[in-house]
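Colleague: Numbering (UniProt numbering), first residue to last: 1 to 330.
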């Protein structure tokens with residue numbers, strides 16, 4: 001019987017199988033294109049953050065590239081509506097570039113901080129973080145106040161409306177207002193622990209403390225170092241004076257007391273206070289107070305045996321710095 005075995009057919013079949021396998025191998029070796037999930041990429045892909053991207057691009061320092069870096073960063077991202085309210089009838093081009101840059105950096109915190117982390121910090125009594133914006137003094141960064149009761153808010157003016165948007169180099173929290181550069185007055189207004197101080201500063205129509213303490217850095221009498229008594233400190237003062245409420249304090253007495261808490265023309269950080277141990281510093285009213293390094297605190301001219309302890313240090317503002325104290329200086 002004749003064998004009809006066809007070598008050409010077998011060879012062709014083997015060749016086709018080998019070619020197909022090679023093609024499949026090539027396909028499997030194709031690189032997989034990974035979609036970028038950096039903060040800049042996520043914001044660029046969100047139509048409700050287009051104004052933020054435009055602002056970052058218009059600012060100095062290549063901020064879009066910065067927020068594509070390793071980080072990690074926490075970015076408080078104002079929505080388009082927030083930017084519209086911030087700009088009003090102006091455009092981004094109407095804002096000086098250096099100012100715009102600092103405002104944007106005031107929305108960036110180094111490190112990854114989720115909403116739950118903020119809540120945990122407040123339970124520990126920590127209500128401040130530092131942004132990448134410059135403070136009133138060289139080599140300082142702006143503080144930012146946060147509160148988590150009834151939602152997360154920053155500096156009392158900007159609320160988180162969409163939290164914990166995860167990025168490869170940090171986290172984004174969308175906020176409903178642009179966070180402007182805060183003065184020492186802004187922090188006093190935002191932090192409820194200073195509500196008695198605010199009441200004292202505005203207790204009489206003749207007082208111009210709020211306007212004075214809102215003076216921009218670079219214009220006298222700014223910058224300021226404010227030793228800010230807490231609400232508990234004012235409660236203790238009323239007890240000492242045997243008075244029931246702040247309005248019972250004579251205006252002249254209150255004025256003298258308030259002016260002992262402000263040093264003008266200087267932004268004195270806590271490390272510098274330590275170096276001033278035992279030295280006197282002139283205050284707004286002209287009277288001297290004495291710096292104590294350990295424990296950190298202030299001694300007033302009217303009672304040189306009582307220390308007024310510093311309990312919160314280095315709340316850095318755009319026009320000065322706040323150190324909270326647990327007793328009113330007298």
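All C-beta atoms in this analysis are idealised placements derived from N, C-alpha and C, irrespective of residue type, glycine included.
Should residue 303 go down as buried or exposed, given a rule of 16 or more other Cβ atoms within 10 Å for buried?
Modeller: Exposed, since its Cβ has fewer than 16 Cβ neighbours within 10 Å.
Colleague: Can you tell me which of the three DSSP states residue 194 falls into?
Modeller: Correct three-state label for residue 194: helix.
Colleague: Please name the residue in 135, 245, 167, 205 whose C-alpha comes closest to that of residue 314.
Modeller: Considering only alpha carbons, the answer is 135.
Colleague: Buried or exposed: residue 331, going by 16 or more other Cβ atoms within 10 Å of its Cβ?
Modeller: Lying before the first or after the last residue shown, residue 331 is absent from the chain, which here runs from 1 to 330.
Colleague: When the Cα atoms are used, what is the spatial distance from residue 311 to residue 95?
Modeller: Approximately 37 Å between the Cα atoms of the pair.
Colleague: How many Å lie between residue 63 and residue 108 at the Cα?
Modeller: Roughly 10 Å between the two C-alpha positions.
Colleague: Ignore the nearest five residues each way along the sequence and tell me which others in residue 222's own chain have a CB closer than 7 Å to its CB.
Modeller: Result list for residue 222: 215, 216, 319, 320, in chain order.
Colleague: For the structure I just gave you, are there three or more beta carbon pairs, one from the region 83-99 and one from the region 157-171, closer than 8 Å?
Modeller: Contact between the region 83-99 and the region 157-171 is absent, because fewer than three Cβ pairs lie under 8 Å.
Colleague: In angstroms, rounded to a whole number, what distance separates the CA positions of residue 325 and residue 269?
Modeller: Cα to Cα, the separation comes out at about 14 Å.
Colleague: Measuring straight from C-alpha to C-alpha, what distance separates residue 121 and residue 146?
Modeller: Between residue 121 and residue 146, the C-alpha separation is close to 10 Å.
Colleague: Ordered along the chain, which non-local residues of its own chain (more than five positions away) have a Cβ less than 7 Å from that of residue 40?
Modeller: Here the set comprises 64, 67, 68.
Colleague: So which of 274, 287, 151, 254 has the shortest CA-CA distance to residue 294?
Modeller: Residue 274 is the option with its Cα nearest to residue 294.
Colleague: Nearest-angstrom Cα distance between residue 128 and residue 194?
Modeller: Near 14 Å, if we compare the C-alpha coordinates of residue 194 and residue 128.
Colleague: Work out the CA separation of residue 104 and residue 183 for me, nearest whole Å.
Modeller: Near 16 Å, if we compare the C-alpha coordinates of residue 104 and residue 183.
Colleague: Report buried or exposed for residue 316, applying the criterion of at least 16 other Cβ atoms within 10 angstroms of its Cβ.
Modeller: By the 10 Å Cβ count, residue 316 comes out buried.
Colleague: Distance check for residue 42 and residue 21, CA to CA, integer angstroms please.
Modeller: The pLDDT assigned to residue 21 is 49, lower than 50, so where the model puts this residue is not dependable, and the model offers no usable value.
Colleague: Kindly indicate which residue of 267, 197, 163 has the alpha-carbon position closest to the one of residue 349.
Modeller: No statement about residue 349 is possible, as the shown extent of the chain runs from 1 to 330 and does not include it.
Colleague: Output the distance between the C-alpha atoms of residue 331 and residue 190, rounded to the nearest integer angstrom.
Modeller: The requested residue 331 is not part of the displayed model; the chain covers only 1 to 330.
Colleague: For residue 256, which option in 284, 241, 247 has the closest C-alpha, if you only look at C-alpha atoms?
Modeller: The option with the nearest alpha carbon to residue 256 is 284.
Colleague: Can you name the residues that DSSP bridges to residue 141?
Modeller: 134, per the DSSP bridge assignment.
Colleague: Buried or exposed: which applies to residue 297, given that a residue is buried once 16 or more other Cβ atoms fall within 10 Å of its Cβ?
Modeller: Classification of residue 297: buried, given that the 10 Å Cβ count is 16 or more.
Colleague: Cβ of residue 231 within 8 Å of Cβ of residue 186?
Modeller: Against a cut-off of 8 Å, the Cβ pair of residue 186 and residue 231 comes out as no contact.
Colleague: In the DSSP output, which residue or residues are listed as bridge partners for residue 411?
Modeller: Absent from the model: residue 411. The displayed extent of the chain is 1 to 330, so no value can be given.
Colleague: How about residue 203: is its Cβ closer than 7 Å to a heavy atom in the ligand COA?
Modeller: Questions concerning the ligand COA fall outside what the structure shown contains, since it holds no ligand whatsoever.
Colleague: Between which two residues does the beta strand (DSSP E) containing residue 110 stretch?
Modeller: Start and end: 108-110.
Colleague: Can you grab the Cα-Cα spacing for the pair residue 323 / residue 291, in whole Å?
Modeller: Approximately 12 Å between the Cα atoms of the pair.
Colleague: By Cβ distance, which residues of its chain are closer than 6 Å to residue 280, with the 5 residues on each side in sequence left out?
Modeller: Here the set comprises 288, 290.
Colleague: Output yes or no for whether 8 Å exceeds the beta carbon distance between residue 176 and residue 79.
Modeller: Taking 8 Å as the Cβ cut-off, residue 176 and residue 79 qualify as a contacting pair.
Colleague: By alpha-carbon positions, which one of 246, 181, 137 ends up nearest to residue 201?
Modeller: Checking every option, the nearest Cα to that of residue 201 belongs to 246.
Colleague: Please list the terminal residues of the continuous beta strand (DSSP E) segment that includes residue 228.
Modeller: Per DSSP, residue 228 belongs to the beta strand (DSSP E) from 224-229.
Colleague: Do you know how far the Cα of residue 327 is from the Cα of residue 50?
Modeller: When rounded, the distance between both Cα atoms is 47 Å.
Colleague: Distance check for residue 148 and residue 205, CA to CA, integer angstroms please.
Modeller: Going by the C-alpha atoms only, they are around 34 Å apart.
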